[in-house]
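In the UniProt record's numbering, each residue's number is its place in the sequence shown (first place is 1) plus 244.
Backbone N, C-alpha and C fix where the C-beta goes; we use that ideal spot for every residue, glycine too.
Take a look at the structure set out below.
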Amino acid sequence: QAAQKGGYKHFMIKEIFEQPKVISDCLAGRVDQAKNEIILPEVEGMEPPERLHIIACGTSYHAGLWGKYLIEQWAKIPVEVEIASEFRYRDPLLSKGGVALAISQSGETADTLAGIKLAKEKGLSIIGLCNVVGSSVARESDYVMYTQAGPEISVASTKAMCSQLTALLLLALYWGKKKGVIDAATYSRAAADMRSIPSILETALPAMRSRAQELSREYSEANSFFFLGRGLYFPLALEGALKLKEISYIHAEGYASGEMKHGPIALIDPKFPTFAMALNDDLFPKVKSNLVEVQARGGEIIALTNPGVDLDVEHRWSLPEVWGPLNTFIALPALQLFAYETADYLGKDVDQPRNLAKSVTVE
Ligand code: G6P
245 QAAQKGGYKH
255 FMIKEIFEQP
265 KVISDCLAGR
275 VDQAKNEIIL
285 PEVEGMEPPE
295 RLHIIACGTS
305 YHAGLWGKYL
315 IEQWAKIPVE
325 VEIASEFRYR
335 DPLLSKGGVA
345 LAISQSGETA
355 DTLAGIKLAK
365 EKGLSIIGLC
375 NVVGSSVARE
385 SDYVMYTQAG
395 PEISVASTKA
405 MCSQLTALLL
415 LALYWGKKKG
425 VIDAATYSRA
435 AADMRSIPSI
445 LETALPAMRS
455 RAQELSREYS
465 EANSFFFLGR
475 GLYFPLALEG
485 ALKLKEISYI
495 HAEGYASGEM
505 KHGPIALIDP
515 KFPTFAMALN
525 DDLFPKVKSN
535 LVEVQARGGE
545 IIALTNPGVD
555 LDVEHRWSLP
565 EVWGPLNTFI
575 ALPALQLFAY
585 ETADYLGKDV
595 DQPRNLAKSV
605 TVE
């Protein structure tokens, strides 16, 4: 096992550091460098869906929530994202000829498989987005896209989500172009800049880890955490909270920044810190005013942000800034590193957290 960990203390940290390569591998063969064009042979045979139902569980569900933003924005396809265990018992309104996208790292999650079965019975075609080659999700799907992340051993999923986001971004661009609805400049920028993310992330990761170490020591005694984000960063806030819960057993809630004031803000006090996704995007001014509300209640804030962003909080964590939604690929590992360093500092069993399984094959 020590050899498999490649010198790292845990699989989780090894897998976090593998993400630059995971992105490259997921892009390999899917971006024609000369033409700066996305090629997805896996879904070439189908028309872009008129409506898409994404079905998934856990971290894969968060990836789906993120994918919705880009698929709706770039490909103009309405997307519903469903927790598989809800979808399967909800008698959902599905129209024949529609498409379901099942996202699953393992490809063996029982609820996701049941969701696929239901969607098939109602006449939908299935796209399986999975990591494990030949898994049940892959076998049950009409079209299969592999995420190419390599084996993920740590129970808490990290690099698999990174590869799912990469694949969803490619799908959004591909369908947007195929339908002729994506703006040409956005398409070229996204396709070109995505290829530079692996090297930017590779360079940034060591310093990000040190920052995560510092912050985890400061907050390891917190009993609860909020993770806040808006837009694309709302699903990331959910994922940041899930990672912290899973491996450090610290209670954490992921919330949409703007929804805080409708209840949860009552919990804020000096011992209830907030981890904010305050990256430099159009929604930043809104996030900033939400953070002022948190500070007014005495809450301390760690903010994931970018250099030059005007923000006055206890702890700034500045990440290198890239183009638009691609900032997600730098922010996600920061959340993972914070959870990892906290759990490791607290002496938890990082790779095998209590009560959790890598793949949940029962209901
Ligand atoms: C389990 C794992 C999670 C994972 C979820 C969905 O609960 O502990 O890390 O996100 O299953 O797994 P899947 O393989 O379907 O992506």
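Any non-hydrogen atom of the ligand G6P within 7 Å of residue i CB
| i | result |
| --- | --- |
| C301 | yes |
| Q349 | yes |
| K602 | yes |
| A363 | no |
| V594 | no |
| T605 | no |
| A400 | yes |
| S304 | yes |
| T391 | no |
| T356 | yes |
| T353 | yes |
Residues of its chain near residue i, where Cβ-Cβ distance is below 8 Å and the 5 sequence neighbours each way are ignored
| i | result |
| --- | --- |
| A354 | V604, T605, V606 and E607 |
| Y463 | F469, P517, I546 and T586 |
| Q248 | F255 and I397 |
Proximity of residue i and residue j at Cβ, strictly below 8 Å
| i | j | result |
| --- | --- | --- |
| residue 608 | W310 | No answer is possible for residue 608: it lies beyond the span of the chain, which begins at 245 and ends at 607. |
| L338 | L373 | no |
| R541 | L271 | no |
| I260 | Y477 | no |
| L581 | R474 | no |
| G484 | F519 | yes |
| W419 | I321 | yes |
| L362 | L296 | no |
| D556 | M256 | no |
| M405 | L576 | yes |
| V323 | E316 | yes |
| I267 | V275 | no |
| K515 | A451 | no |
Cut-off 7 Å between Cβ atoms - residues of its own chain near residue i, not counting five sequence neighbours on either side
| i | result |
| --- | --- |
| R461 | Y589 |
| A436 | N280 |
| S348 | A300, S304, T356, C374 and V381 |
| residue 609 | Residue coverage of the chain in this structure runs from 245 to 607, which leaves residue 609 outside it and unanswerable. |
| N550 | L523, N524, S562, L563 and E565 |
Cut-off 6 Å between Cβ atoms - residues of its own chain near residue i, not counting five sequence neighbours on either side
| i | result |
| --- | --- |
| L412 | G311 |
| F573 | I441 |
| V553 | N524 |
| S350 | V376 and S603 |
| E291 | none |
| L414 | R274 and I282 |
| V287 | Y387 |
Distance between beta carbons of residue j and residue i, contact taken as under 8 Å
| i | j | result |
| --- | --- | --- |
| residue 229 | A400 | An answer regarding residue 229 cannot be provided, because it is not within the stretch 245 to 607 covered by the chain. |
| I509 | E537 | 6 Å |
| G498 | A481 | 4 Å |
| residue 653 | A416 | It is not possible to answer for residue 653, since the shown part of the chain is limited to 245 through 607. |
| V343 | P293 | 4 Å |
| G359 | R332 | 5 Å |
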